[in-house]
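Scroll down for the structure; my scribbles are underneath it.
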Amino acid sequence: MCRSRIRQLLRKMRQFGRKKDGSILPLAAFLIVIMIVIAGSGADYGRAVIVRSAVANALDAAVLSVARQLSTTVLTESQIRSSLESAFNANLTSTGVDKVRLANLSYTLDPAEGIITANVTGTIDTYFISIGGIGPETIPVRSSSQSTYSRFDVELSLIVDVTGSMSEDMDALKSAANSVVDILLADQTSNSLSKVRISLVPYSQGVNLGSYAKTVTNGAALGANCVTERMGPQQFTDAAYNYNDTNSEFFGGGSNACSSGSSLLPLTSSANNLKTAIKNLVASGGTAGQIGIAWGWYTLSPNWSNLWPSASAPSAYGSNKVKKIALIMTDGDFNDFYDKTLLTRDVCRTRSGYTTRSPSYKGWSNHTTRSGYYWIYETLTSGCSTSAKQYWLGQYFNDATYSDPPAVRARSFCDAMKAKNITIYTVLFQNTSGSLPSSERLMKYCATSEATTYFKATDSKTLINAFSNIARQIQSIYLSK
């Protein structure tokens, strides 16, 4: 309405301009209109700047949203286009910008480099510049955005400390672990399309292997399905569990210290299964972290494919399309370890310090000079035999150091995993006063890079942030243009 009236005024001004009488009035009116156009052009272009900024921000957010999905899920072209358009329109609407005519929203994908690029073009109407045909009726709007996304499949093992000292902090640990699931498995509509699989490996004085325990211990696992260390030449390798060592059992299954709820979950893309396993975590027992690291490795090793369900079978080493990653978390020193040694029943009784024995007693103890004690996991019969037999001995240190067997063995596992190109993130959770020099030194050693893959958390918030930051690093997404 305003524009048509001004145009009528311009026509009358031209008519007045051809008359000799009253020429000053139309000239003044013409100058007023010119001033309106000039002043209004600033408003038109100012509005264009605001709209262009809103369109650019909406496109950036849409591209980043799609990049997140591409990092974790295999998408078809139609799914990419639909997600891009939906996210762009939603973000643009939220800015309050209207009356933008969008002509084209397009994208290109570079799977080899993991790059998505999107472009949008459109126009906005002008209110002042076009008056009387002086300027254009529309101003073009263009924007381009580019983001990288992870072009790799990911196999991640969450190796978490559920020892007794974590009893007051289990809610924080569960929130931290859930944050990893929420970030890496947020957009899953079908597990088969996921590019990310995650295993959960809770550890205390051993690892609760659930239904797999009796298989790897040759039936020696107790009711808690708690599996400990293996001895022999394959101790620090990822050789398959059915390795035959005639001199010793492959794995110890004697510990009853594992919580029945905190069981291992092999690689899965099911966020629901992971969250259920995380919800069931319970704190108990001492800290045999080297066992947790070992079993975390086994969930990533292709040599163990026969033990796990087919959907949980790890991919082969050396693939340039798969990233294998371990996240190791602890809240203190590793202070438990196990050995298998040849002893007689007399020696066992001497070590125990007891004058009598119960046939079902499995936890004879003996305080040592290191303020620790031995466990002998063996159901003993009445009477005493002097015949030699293999026994699993579990030793605990109150003042464990970096040079004691638990930490030494943990470093051996970390070295072996790095040799297989497994990236290791470590998180030291220290929410108490004092220092943990041995733990900190060990976590820094195991981390692939002390500068970028080692994290220290001092409270619940920083623990959750550490896990979330690691998950985002794994995504490897950023706006690059």
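Reading the sequence shown from the start, the letters are residues 1 to 481 in the UniProt record's numbering.
Don't be surprised by glycine CBs; every beta carbon is placed ideally from N, CA and C.
Model, not experiment: these values are computed from the prediction.
Residue i to residue j, Cα distance in whole Å?
| i | j | result |
| --- | --- | --- |
| Q473 | S305 | 27 Å |
| L75 | L193 | 8 Å |
| K456 | A447 | 12 Å |
| residue 482 | D238 | Lying before the first or after the last residue shown, residue 482 is absent from the chain, which here runs from 1 to 481. |
| K324 | E155 | 5 Å |
| K174 | V100 | 46 Å |
| Y338 | E229 | 6 Å |
| A56 | V63 | 11 Å |
| N91 | V216 | 53 Å |
| P111 | E85 | 20 Å |
| R52 | A407 | 58 Å |
| P309 | K321 | 22 Å |
| S262 | Q235 | 24 Å |
| T287 | I80 | 46 Å |
| D404 | Y445 | 15 Å |
| N366 | Y396 | Here N366 scores only 33 on pLDDT, less than 50, and its place in the model is too uncertain to base an answer on. |
| L265 | L274 | 8 Å |
| I124 | S143 | 14 Å |
| V97 | D60 | 16 Å |
| T108 | S468 | 29 Å |
| S204 | S211 | 18 Å |
| S157 | A103 | 46 Å |
| A466 | R197 | 20 Å |
| A316 | S150 | 19 Å |
| V160 | S167 | 13 Å |
| I328 | S145 | 36 Å |
| T379 | D399 | Because T379 carries a pLDDT of 41, less than 50, the predicted location of this residue cannot be relied on, and the following value inherits that uncertainty. If you take the alpha carbons of T379 and D399, they lie about 29 Å apart. |
What is the C-beta distance between residue i and residue j, in whole angstroms, given that I count them as a contact (C-beta under 8 Å)?
| i | j | result |
| --- | --- | --- |
| S165 | G332 | 6 Å |
| A118 | L200 | At roughly 36 Å, the Cβ-Cβ gap does not stay under 8 Å, so A118 and L200 are not in contact. |
| R411 | L442 | 7 Å |
| L105 | F88 | 6 Å |
| L209 | A471 | With 8 Å as the limit, L209 and A471 do not qualify as a contact, their Cβ atoms being about 26 Å apart. |
Among the options, which one has its Cα closest to the Cα of residue i?
| i | options | result |
| --- | --- | --- |
| N178 | A326, K279, N225 | K279 |
| V227 | K195, A294, S438, N57 | A294 |
| T330 | G289, Y317, V216, S262 | G289 |
| T95 | S143, A58, R409 | A58 |
| S270 | R47, V181, D60, V282 | V181 |
| R68 | S83, A54, G261, E77 | S83 |
| S418 | N398, Y402, P405, L300 | Reading the sequence as shown, one finds Lys at residue 418 and not Ser. Cα-wise, what sits closest to K418 is L300. |
| F152 | D171, K195, F413 | K195 |
| Y298 | D171, L267, P233, N272 | L267 |
| I424 | N272, N431, G296 | G296 |
| Q47 | A224, I139, V207, S259 | According to the sequence provided, residue 47 is Arg. The question's Gln does not apply to it. Among A224, I139, V207, S259, the Cα nearest to that of R47 is on I139. |
| T458 | A471, Q475, E440, A224 | E440 |
| M231 | I291, S259, P202, S260 | I291 |
| T432 | D169, L281, A186, N398 | D169 |
| A172 | I464, T453, T163 | I464 |
Does any CB atom of chain D fall closer than 8 Å to the CB of residue i?
| i | result |
| --- | --- |
| T228 | The chain labelled as chain D is not found in the depicted structure, where only one protein chain is given. |
On the CB-based measure, 16 or more other CB atoms within 10 Å of its CB, does residue i come out buried or exposed?
| i | result |
| --- | --- |
| E113 | exposed |
| E450 | exposed |
| D415 | exposed |
| V120 | buried |
| T462 | buried |
Return the chain-ordered ranges of every alpha helix (DSSP H) run that is complete within the segment 144–196 and spans a minimum of 4 residues. Runs of the alpha helix (DSSP H) inside the segment 144–196: 170–184.
Going residue by residue through the segment 257–331, where are the continuous beta strand (DSSP E) segments of at least 3 residues, counting only ones entirely within it? DSSP runs (the beta strand (DSSP E)) wholly in the segment 257–331: 265–268, 322–330.
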